[in-house]
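The opening residue of the sequence shown carries number 1 in the UniProt record's numbering; numbering runs sequentially from there.
Here a beta-carbon is modelled for each residue, glycine too, at the ideal position from N, C-alpha and C.
Please read these numbers as outputs of a predicted model, since none were measured by experiment.
One structure is given below, encoded as structure tokens.
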Amino acid sequence: MTKPSNQRCFTKNDYMNYQNDPRRSKFCYYDDEASDTFNENLPPTNDPKYISQLGAAVYKAMSKGNKDAVWLMQGWLFSSDSAFWHPAQMRALLHSVPFGKMIVLDLFAEVKPIWKKSSQFYGTPYIW
């Protein structure tokens, strides 16, 4: 089985000495980071430029800790606060990070698919 390209593996002994730990084995992690910055709360303004700056700042913080970071974000905010998230605001947040560095999780798509009303998240990769 081939490991995904964003998977990094290491042994515990690479970082710590667990000589007597019977669980000593290979651990793996992925370059995925999660931030649901505006789930059930709103940005302080609906100005798309400001929203884009907020999204860029979140991603910048993630990528400082992990240069290969990919932001996983629930799409729920676009539904729960749909009166706020119009196309301009959605695009501003979704396009605030480099393409391919954000994946939207449309977790309620079987009932209320956000991808349909957002032109498939305006080109941002998504999972439903």
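Subject >> As assigned by DSSP and simplified to three states, the class of V58 >> reply: helix
Subject >> Proximity of Q74 and L42 at Cβ, strictly below 7 Å >> reply: no
Original post:
Under 7 Å between the Cβ atoms of S79 and K116?
Top reply: no
**OP:** Tell me whether W85 sits in a helix, a strand or coil according to DSSP, three-state version.
**Re:** coil
**OP:** Would you please state the rounded distance, in angstroms, between the beta carbons of M102 and W71? I believe it to be under 8 Å.
**Re:** 4 Å
Original post:
So is Q53 buried or exposed if we call it buried at 16+ other beta carbons inside 10 Å?
Top reply: exposed
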